[in-house]
Every structure is written in structure tokens, then in C-alpha cells.
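Participant:
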Amino acid sequence: MIFMFLVTSAAGHTGTIITQALVNAGYDVLATDINPRVKDLPGIKAAKVGDLTNLDFLKDLLTDVDQIAYIPPLFSPEEALIGQTLVDLAIANHVQQFIFISVTHPILHTLLQHVAKRDVEEHLIYQGMAHSLTYTILQPMHYMHNFNPKQVQQDLTYGIFYDIHAKVAYVDPEDVAAVVVKVAQKPAFHDKATYELVGTQAYSPVELVAQFNALTGLQAQAKYVPVTQFLDQIQATDLYFRAGFQQLADSYSRWGLDGNPNVLRYLLGREPTSFTAYLKRELQS
Ligand SMILES: NC(=O)c1ccc[n+]([C@@H]2O[C@H](COP(=O)([O-])OP(=O)(O)OC[C@H]3O[C@@H](n4cnc5c(N)ncnc54)[C@H](OP(=O)(O)O)[C@@H]3O)[C@@H](O)[C@H]2O)c1
1 MIFMFLVTSA
11 AGHTGTIITQ
21 ALVNAGYDVL
31 ATDINPRVKD
41 LPGIKAAKVG
51 DLTNLDFLKD
61 LLTDVDQIAY
71 IPPLFSPEEA
81 LIGQTLVDLA
91 IANHVQQFIF
101 ISVTHPILHT
111 LLQHVAKRDV
121 EEHLIYQGMA
131 HSLTYTILQP
141 MHYMHNFNPK
151 QVQQDLTYGI
161 FYDIHAKVAY
171 VDPEDVAAVV
181 VKVAQKPAFH
191 DKATYELVGT
201 QAYSPVELVA
211 QFNALTGLQA
221 QAKYVPVTQF
231 LDQIQATDLY
241 FRAGFQQLAD
251 SYSRWGLDGN
261 PNVLRYLLGR
271 EPTSFTAYLK
281 RELQS
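Going by full-length UniProt numbering, the residue at position 8 of the sequence shown is 8; the numbering climbs one at a time, nothing skipped.
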């Protein structure tokens, strides 16, 4: 019997990168997603297409799984229930390690997706203590892939749905994936740890574009797009998804989002990837 490394939401922005890093590190990955393109991920051992809100599907997923990287789906109203159920099933199935890819500052109540992750973290901590489940919580900052350099190069505009002067910190998803591999390789060493993964200082959209222009010599501009207009443009009709983005727009515009890169530097054993290095890599790819 092969014991697999289960990655959820594996076909998404974050999941694709984390799956690839685990495959490259030699793990037998079972990738799951509601999106059938999960079957095309290179190097995986198996794929299961299905809905994480379905209990039978979750039970089936946990058969013969040794380690889990749980990436929650983006803006699911059942996000907390999915995570809590996965924790319980991991315990029932004697899973060796549960890695929860959460978010920086899950205690912030102004963001729907943070509140859901807070509830899962709490459940994981209680259940981890009660049942000696080996777990690690990773808390990534806002991902750099939210800024698409090739799109900005093409449009000469960075359209964004919050105040273009509000400052948000970033992390490179490749750095997060590198940490997932390190944590997976030493489950006991990282057991019961919660790590904030912050890569950069906080930058406003105007400052991001200034870095882009300095690198490329172009004259792109940051442009505020009201969040409802943005949601209509991407044809987002799901009410929970729209409410989540509305909160994101309001919270970032009012408070921004910030954190400290010390923990990520310690875990990587090097400087986290800078925003300019991310731009260079993506523009060359
Ligand atoms: N974006 C950030 O800056 C950031 C920062 C920290 C944490 N996070 C968190 O990271 C997580 C992943 O974000 P992401 O940007 O990688 O999202 P994403 O690209 O939308 O990927 C999510 C994947 O989950 C799939 N999915 C949706 N509902 C599902 C369900 N019920 N069952 C199974 N699969 C389902 C989606 O399929 P479809 O595409 O077909 O819907 C998609 O492939 C989210 O929880 C987010 O809150 C994001």
C-alpha cells in the first residue's frame, strides 16, 4: 500500500505551486479539487475530483493518506466546517501529519476568510492536544500572485478593488511551498507550531506599480476599480464570494494588512523573495 500526501484545492493558484514543490521533493501526492484540471497536474500519483463539502467524498479522500496539506477553497461558506471535519477524519484515520495552510492574522474579524480559518485553527489546536495529532499551522500573508506582472505589462494598468494607497504586505507562494516541504520533512520538529509567513514590508498598489515601472522602464499606473464593478467583470455571482470580496476591499482600504518576515526568514534560512525578484521571475517565465 502506498501512503499518499493529500493536497486539497490542488488545482488552484496556491495548490498548484504547493503540489509541484511536494512532487519535486519526492512525495507521492494525491491531489484533490472540484475542478477536473487537477488530474493534469504533473508528477502526481493520483487525483480525486470532488466537493469538499460532501462527507462521503471527504471520507473516501482520507483512505490511505499519511500526510495532509489542507488548503481551504477560496470563499466557501462551509470553509470552517470543511476544515474541522478534515481534522476529525485525520484523527480517526491515524494520519501522521496535518499541515493547515491558514492565513496571517486569522483573528481579524473584518475578513470572512480569516474568521473561517480562525475557527479551524482553534479546532485543530484543541483536537491536536486531545488526540496527539501532529500538526503545523502555516499563516501566509497576501500572495504575490494577486499582482499579475504580464497582465500589467499588457494593460499598462493595475486595476485593484481597494484604495490604491492602502498598504498590504506580500509573500511569494514559492516561498510558502518551500516551507510546506520543510515542515513535511520534519513533522515532529514542527509539531504544534504556528508560523506566520510574511515575505515583504507592506506596499500600496501605487508602490507595487512603481517597482514594476522601475524594473521594466514602462509607465503603468495603479487604478482603483470599485469592488462591485470588479466582481461583475470577473462574473462572480456567488453571494458569499461577493460578500468576501466586499469585506476584503473595505478592510484593506481602511486598515491595510501587515506582518513581520522574521519567521519566514528563519524557516527558509535565507531572505524571503522580494517583490522585485518575483516580478523578474514571472516576466521571464
Ligand atoms: N490570495 C491570497 O492572497 C491568500 C493569502 C492567504 C491565504 N489565502 C487562502 O488560500 C486559499 C486558496 O486560495 P487560492 O488563491 O489558491 O484559491 P483558488 O485559486 O480559487 O483555488 C481554490 C481551488 O479550490 C477549488 N474549490 C472550490 N470550491 C471547492 C470545493 N467545494 N471542494 C473542492 N474544491 C473546491 C477551486 O475550484 P474552482 O476554480 O473550479 O472553483 C480551486 O481550484 C483560500 O482559502 C484563501 O483564503 C489566500
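Beta carbons are placed, not taken as given, at the ideal position from N, Cα and C, and that holds for glycine.
From this set, V120, P77, Q219, which residue's C-alpha is nearest T85's C-alpha?
Facilitator: As a working mapping, residue 85 is identified with position 85 in the sequence shown. Nearest option by C-alpha distance: V120.
Participant: With distances taken Cα to Cα, identify the nearest neighbour of R281 among P261, D33, F147.
Facilitator: As a first step, residue 281 must be located in the sequence shown, where it is residue number 281. It is F147 whose Cα lies nearest to the Cα of R281.
Participant: Please state the DSSP three-state secondary structure of D51.
Facilitator: Against the sequence shown, residue 51 aligns to sequence position 51. When DSSP states are grouped into helix, strand and coil, D51 belongs to the coil group.
Participant: Would A162 and M141 be called neighbours here (beta carbons separated by less than 8 Å)?
Facilitator: For this step, residue 162 is matched to residue 162 along the sequence shown. For this step, residue 141 is matched to residue 141 along the sequence shown. It is Tyr, not Ala, that sits at residue 162 in the sequence shown. In this structure, M141 does not lie closer than 8 Å to Y162 by Cβ.
Participant: Return helix, strand or coil for E196, following the three-state DSSP convention.
Facilitator: Stepping through the sequence shown from its first residue, residue 196 is reached at position 196. In this structure, E196 counts as strand in the three-state DSSP scheme.
Participant: Taking three-plus beta-carbon pairs below 8 Å as touching, is the stretch 18-31 in contact with the stretch 87-94?
Facilitator: Output reads no: the stretch 87-94 does not touch the stretch 18-31.
Participant: Could you pull the DSSP bridge partners for M141 from this structure?
Facilitator: Here residue 141 corresponds to residue number 141 of the sequence shown, with the count starting at 1. The secondary-structure analysis by DSSP pairs M141 with nothing; it has no beta-bridge partner.
Participant: Pick out every residue whose C-beta is nearer than 6 Å to a heavy atom of ligand 1: which are they, in chain order?
Facilitator: S9, A11, G12, H13, T14, G15, D33, I34, N35, D51, L52, T53, I71, P72, P73, L74, S76, V103, Q113, P140, H142, Y143, N146
Participant: Kindly give me the distance between the Cβ atoms of N50 and Y70, rounded to whole angstroms, as I take these residues to be in contact under 8 Å.
Facilitator: Translated into positions along the sequence shown, residue 50 becomes position 50. Translated into positions along the sequence shown, residue 70 becomes position 70. A small fix is needed here, since residue 50 is Gly in this sequence, not Asn. In fact, because the Cβ distance is near 15 Å, the residues do not count as touching under 8 Å.
Participant: Please name the residue, chosen from V209, G43, L30, that lies closest to Q67 on a Cα-to-Cα basis.
Facilitator: The residue given as residue 67 occupies position 67 in the sequence shown. The shortest Cα separation from Q67 among V209, G43, L30 belongs to L30.
Participant: Would you list the one or two residues that DSSP bridges to M4?
Facilitator: Mapped onto the sequence shown, residue 4 falls at position 4. In the DSSP output, where bridge partners are listed per residue, M4 has V65.
Participant: For the beta strand (DSSP E) holding T157, just list the boundary residues, first then last.
Facilitator: Position 157 of the sequence shown holds residue 157. Where T157 is concerned, the enclosing beta strand (DSSP E) stretches over 157-160.
Participant: Among K39, V95, G159, N93, which one has its Cα closest to the Cα of Q229?
Facilitator: As a first step, residue 229 is located in the sequence shown; it is residue number 229 there, counting from the start. Nearest of K39, V95, G159, N93 to Q229, Cα basis: G159.
Participant: Just the C-alpha distance for F275 and F212, rounded to the nearest angstrom, thanks.
Facilitator: In the sequence shown, counting from the first residue as 1, residue 275 sits at position 275. In the sequence shown, counting from the first residue as 1, residue 212 sits at position 212. Straight-line Cα distance between these residues: approximately 9 Å.
Participant: Evaluate contact between the stretch 256-269 and the stretch 192-211, counting only Cβ atoms and requiring at least three cross-stretch pairs below 8 Å.
Facilitator: yes
Participant: Cutting at 6 Å between CB atoms, please list the residues of its own chain near K39, excluding the five before and the five after it.
Facilitator: Along the sequence shown, read from residue 1 onward, the residue named residue 39 stands at position 39. Cβ within range, chain order: A47.
Participant: Check for me: the alpha helix (DSSP H) holding Y126 runs from which residue to which?
Facilitator: Here residue 126 refers to the residue found at position 126 when the sequence shown is read from its first residue. Residues 112-131.
Participant: Does DSSP classify Q153 as helix, strand or coil?
Facilitator: Position 153 of the sequence shown, counted from the start, is the residue given in the question as residue 153. Three-state DSSP puts Q153 in a helix.
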